[in-house]
Every structure is written in C-alpha cells, then in structure tokens.
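Enquirer: Every position in the sequence shown, counted from 1, becomes a number in our numbering once 61 is added. All C-beta atoms, glycine included, are put in the ideal place defined by N, C-alpha and C. Given the structure is predicted, the values throughout are model-derived calculations rather than measurements. Structure below; questions to follow.
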Amino acid sequence: MRLFLLASMSRMASISRQLCGREMAHALVEKDGKEKDKFYGKLILELGNEVHSSMEQGTTTMEKLVEKLGNTEDNIECKNLKKELEESRFSNTFLQMRNERVERDLYYTRVWAYKFYQEMIHKGFVSVTNNHFTSLLWNTNLRNKERKKTREL
Numbered sequence: 062m063r064l065f066l067l068a069s070m071s072r073m074a075s076i077s078r079q080l081c082g083r084e085m086a087h088a089l090v091e092k093d094g095k096e097k098d099k100f101y102g103k104l105i106l107e108l109g110n111e112v113h114s115s116m117e118q119g120t121t122t123m124e125k126l127v128e129k130l131g132n133t134e135d136n137i138e139c140k141n142l143k144k145e146l147e148e149s150r151f152s153n154t155f156l157q158m159r160n161e162r163v164e165r166d167l168y169y170t171r172v173w174a175y176k177f178y179q180e181m182i183h184k185g186f187v188s189v190t191n192n193h194f195t196s197l198l199w200n201t202n203l204r205n206k207e208r209k210k211t212r213e214l
C-alpha cells in the first residue's frame, strides 16, 4: 500500500510539473477573475480524476495481488494436507499389515497349542476332563480380564 501511495504521489507531481510549466504561467497572465477560477477548477478536477483513476487501478491491482497470495497460501496448505493424508495412509497400511501378521502368528500359536494339547491327551499326560486349558487358550481376552480382576482384589 505504501508503494502504491508513493507511486500515485510521484504521478501527481509529474502531472503538476507538466501543467505548471510555461503553459500555466502564460494562462495565468492572460486570465483574470472568474476565468482564472474556472481554469484552476478545471485543473484541480483533472488532477483529481487522474488521482482517482490511478487509485482505482491501484486498488484493483492490490485486490488481485491479495487474491493471488491467498490462492497460493491455500494451494500450499492443500498440498501440505494432501502430504499428511498420504503419510497417514502409508503408516496406517503398515500398522494394518503388522496387526494382520500378529493375528496370523497368534492363530498359528493357538493351533499349535491345541495340537500339542491333543497330543498330550492322546499320550495320557493330561486328562480329558480338564478342559480349562483350552478355554483359556481360546479366550485370551477372558484370561486377561480375570487377571485384572484378581489384581484389583
């Protein structure tokens, strides 16, 4: 805004220098009274119109610059958000893969434990009536809840 004001002031100065040259001095000598007032009024009106038009151009230019600046800031923010979204998707994919791997390993461990338990029953080391081991093995969440309850008591 300051640059715009300086530019408009320099433009006004150049216009007044052009008008205040020989033509103005010559016109002021020849004219008197109402003609002089009319001439000054016309001069001020032209100068005001020139300043007004340059201010309108300056304001529209400033508005366009502000819009461009806002658009670039929005674009940068949008790019940053897209980058964050992509990173979160990528990390989410890795977490999902890790969870699937853990679930798969847990399933195979349970299957192995069940087969081992069946083999122990077949060989006679464990009685068939004691089914407590398999129920705890298959319901690990219940086992964890029971542990928490016993710790609280």
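Helix, strand or coil: which one does DSSP assign to F177?
Expert: Within the sequence shown, residue 177 is the residue found at index 116, counting from 1. Residue state, collapsed to three classes: helix.
Enquirer: Using only the alpha-carbon positions, how far apart do D135 and N153 sit?
Expert: For the purposes of this step, residue 135 is identified with residue 74 of the sequence shown, where counting begins at 1. For the purposes of this step, residue 153 is identified with residue 92 of the sequence shown, where counting begins at 1. For D135 and N153, the distance between alpha carbons rounds to 26 Å.
Enquirer: Answer with yes or no whether the minimum CB distance from R165 to chain D is below 7 Å.
Expert: Here chain D cannot be found, since the structure has a single protein chain.
Enquirer: By the three-class DSSP mapping on this structure, what secondary structure does F155 have?
Expert: Within the sequence shown, numbered from 1, the residue matching residue 155 stands at position 94. Reduced to three states, the DSSP call for F155 is helix.
Enquirer: Residues in the same chain with beta-carbon distance under 8 Å from K144, minus the five sequence neighbours each way, listed in chain order, please.
Expert: By 1-based counting over the sequence shown, the position of residue 144 is 83. Correct list: empty, nothing qualifies.
Enquirer: Would you tell me roughly how many angstroms separate the C-alpha atoms of Y175 and R162, rounded to the nearest one?
Expert: One-based indexing of the sequence shown puts residue 175 at position 114. One-based indexing of the sequence shown puts residue 162 at position 101. About 20 Å.
Enquirer: To the nearest angstrom, how far is it from the Cα of E180 to the Cα of Y168?
Expert: For the purposes of this step, residue 180 is taken as the residue at position 119 of the sequence shown. For the purposes of this step, residue 168 is taken as the residue at position 107 of the sequence shown. E180 and Y168: Cα-Cα distance of roughly 18 Å.
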